[in-house]
Amino acid sequence: MNNVEDYHNPIVLERADPWVYKHTDGYYYFTGSVPGYQTIELRRAKTL
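Residues 18 to 65 (this note's numbering) are what the sequence shown spells out, left to right.
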């Protein structure tokens, strides 16, 4: 099998391992690793 397709992250560009979680406080929390910086980004929002 040589069928390979590109995956485009619909949440945010250039973030690996994205994860969205809706907490009981009503906020959505987004985490994702930042390529090349060896860090994890955390964002919080009331809506998606």
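For glycine and all other residues, C-beta sits at the position ideal for the given N, C-alpha and C.
Buried versus exposed call for residue i [16 or more other C-beta atoms within 10 Å across all chains shown]
i, result
"P53", "The question names Pro, but residue 53 in the sequence shown is Gly. Exposed."
Straight-line gap, residue i to residue j (C-alpha atoms, nearest Å)
i, j, result
"Y46", "D34", "14 Å"
"Y44", "D23", "31 Å"
"I57", "V51", "6 Å"
"Q55", "K39", "25 Å"
Reference residue i; option with closest CA among the options
i, options, result
"T48", "T41, Q55, R61", "R61"
"T64", "N20, N19, D42", "D42"
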